[in-house]
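Only one structure is covered here, and it is reproduced in the block below.
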Amino acid sequence: MAVDIENPYNVAVAQFDEAAERLGLSQAMRAILRKPKRELIVNFPVRMDNGDVEMFTGYRVQHNINRGPAKGGIRFSPAVSLDEVRALAMWMTWKCAVAGIPFGGAKGGVICDPHNMSRTELERMTRRYTTEISIIMGPNSDIPAPDMNTNPQVMAWMMDTYSMHQGYSVPAVITGKPLAIGGSEGRLEATARGVLIVTREALKDLNMIPERCSVVIQGFGNVGSVTARLLADFGCKIVGLSDIKGGIYNPAGIDVHMALRYSKEHGNLSGLPGTERVTNAELLELPTDILIPAALENQLTVRNATRVKARLIIEAANGPTTPGAEEILYDKGVTIVPDILANAGGVTVSYFEWVQDLQRFFWDELEINERLETIMTRAYYATRHKAKEQDTNLRMGAYLLAVARVAEATEMRGVYP
Ligand code: NAD
């Protein structure tokens, strides 16, 4: 099947189609689940610090809400497009279903370059974007969260803006908020903690010993940097790291705590003492046991997959592997823990945050982490079991589980009117 690898939505639909075929879904069900339910495009003005007014374009897409309110992050990036947001929204639907949490899938984004905006410009843009999409947001309808280039501060502005319109505080409308306004213990680390849990289980399956494993991680943001720290604490040797400026490599191991301090001080990892510089392309091809893409889509493609040396790939990012690359990697015997399973820890603790906000009753970090552990291990073993039972790989195992759950909910609810 020819798939346009530059378009994540084509990839997402191709993955869904394969699962739908294997599940024998009716043509009507396929047609329903292939298309996003709602797509909102907003064009809005923002006053910049120099007095000029600039127009921005943003999106919010709800793919499916049959299992619960729409849930998904907000991305700020020059590369945001409607098709990217559509793909990410569809992956959120499957992710929530794999984890067994009662949400549907959504995603949002604004085309902007947040690194070249001041804090006040970012705040005004965030507040205006929130106002524009507030017609479909709500604690019972659509609950945004952080994603690339958005953080707890951005979530605080979004929650405040929505609350100002209502006239009272609505903490449950956003997750990934700071603790002071109804955020959850453990949310900042949650995605990486989930990545750690699935990595640990996958290593057991492959009879690989963590202390003898080297790890390369692409991306050193919320997900990548915490994953690096947790895996180093778990005993693995982190040999390669990267951010948008490039990668660093030391086959003898990188001191992750030093890398965290260095990146905070310098704004990026380049030049960390004791490491050799590599490009982001070279980073993916370094000798390593485990490779963790934790940045963006389309990183492992037909162009580089043959040169990837890792035995185990954990997709912390969404959509980092194209279908063509995946075929090549499977032929080489590589195990891939797919995004919709591997990075589900984030939305799982977002679910906990939402539940706590609705109940106005907060849990301690131990309780959060224990519940996360239960959900992630259950999702991992359910996926593995399905993959074994159907004689397929983990991605298709996760899709078969997820799509069947969403299709069942859709079937039970019926076609309105
Ligand atoms: P982030 O903005 O905190 O970090 C992104 C990192 O990737 C930064 O270090 C950045 O420098 C780096 N990067 C950007 N472009 C790059 C490039 N071309 N090459 C190499 N590195 C590059 O974002 P995040 O929240 O850590 O998200 C990373 C990925 O994880 C995304 O795919 C996101 O959708 C996914 N994800 C995030 C969460 C979450 O809770 N934040 C949950 C699930 C999935």
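Numbering-wise (this note's numbering), the sequence shown opens with residue 3 and increments by one. Quick reminder that beta carbons are idealized off the backbone N, C-alpha and C, glycines included. All values reported here derive from a predicted model rather than from experimental measurement.
Nearest to residue i (by Cα), restricted to the options the options
| i | options | result |
| --- | --- | --- |
| residue 116 | 272, 419, 125, 108 | 125 |
| residue 130 | 84, 265, 48, 12 | 48 |
| residue 294 | 82, 216, 327 | 216 |
| residue 54 | 123, 32, 74 | 123 |
| residue 319 | 305, 338, 163, 334 | 338 |
| residue 96 | 203, 414, 385 | 385 |
| residue 192 | 371, 329, 91 | 371 |
| residue 153 | 142, 128, 134, 165 | 128 |
| residue 177 | 185, 82, 171 | 185 |
| residue 364 | 118, 172, 273, 187 | 187 |
| residue 276 | 284, 264, 285, 283 | 264 |
| residue 15 | 157, 29, 342, 35 | 35 |
| residue 50 | 121, 202, 18 | 121 |
| residue 432 | 199, 231, 197, 305 | Lying before the first or after the last residue shown, residue 432 is absent from the chain, which here runs from 3 to 419. |
| residue 165 | 141, 181, 155, 148 | 141 |
| residue 246 | 269, 253, 235 | 269 |
| residue 234 | 259, 253, 174, 210 | 259 |
| residue 143 | 162, 155, 172, 159 | 172 |
| residue 303 | 321, 316, 289 | 321 |
| residue 181 | 362, 398, 395 | 362 |
Beta-carbon proximity of residue i to residue j, cut-off 7 Å
| i | j | result |
| --- | --- | --- |
| residue 313 | residue 291 | yes |
| residue 66 | residue 106 | yes |
| residue 251 | residue 278 | yes |
| residue 134 | residue 46 | yes |
| residue 350 | residue 377 | yes |
| residue 297 | residue 358 | no |
| residue 274 | residue 307 | no |
| residue 213 | residue 249 | no |
| residue 197 | residue 99 | no |
| residue 179 | residue 157 | yes |
| residue 101 | residue 346 | yes |
| residue 63 | residue 82 | no |
| residue 409 | residue 31 | yes |
| residue 1 | residue 282 | Because the chain here runs from 3 to 419, residue 1 falls outside it and cannot be looked at. |
| residue 400 | residue 342 | yes |
| residue 352 | residue 72 | no |
Near the ligand NAD: residue i beta-carbon under 6 Å from a heavy atom
| i | result |
| --- | --- |
| residue 150 | yes |
| residue 245 | yes |
| residue 193 | yes |
| residue 404 | no |
| residue 306 | no |
| residue 223 | yes |
| residue 319 | yes |
| residue 488 | Outside the shown range of the chain (3 to 419) lies residue 488, about which nothing can therefore be said. |
| residue 381 | no |
| residue 297 | yes |
| residue 300 | no |
| residue 282 | yes |
Counted within 10 angstroms of its Cβ, other Cβ atoms place residue i as buried (16 or more) or exposed
| i | result |
| --- | --- |
| residue 10 | buried |
| residue 222 | buried |
| residue 340 | buried |
| residue 3 | Caution is warranted here: a pLDDT of 43 is assigned to residue 3, below 50, making its placement in the model unreliable, and no coordinate value can be reported. |
| residue 6 | For residue 6, the predicted structure reports a pLDDT of 45, less than 50, and the residue's modelled location is therefore unreliable. A value from the coordinates is still provided. Classification of residue 6: exposed, given that the 10 Å Cβ count is below 16. |
| residue 414 | exposed |
| residue 13 | buried |
| residue 43 | exposed |
| residue 118 | exposed |
| residue 324 | buried |
| residue 266 | exposed |
| residue 76 | buried |
| residue 416 | exposed |
| residue 403 | buried |
| residue 139 | buried |
| residue 382 | buried |
| residue 224 | buried |
| residue 28 | exposed |
| residue 211 | exposed |
| residue 329 | exposed |
| residue 80 | exposed |
| residue 380 | exposed |
| residue 174 | buried |
Any non-hydrogen atom of the ligand SAM closer than 6 Å to residue i Cβ
| i | result |
| --- | --- |
| residue 345 | Among the ligands present in this structure, namely the ligand NAD, the ligand SAM is not found. |
Beta carbon proximity, residue i to chain D, threshold 7 Å
| i | result |
| --- | --- |
| residue 34 | Of the protein chains in the structure, only one exists, and it is not chain D. |
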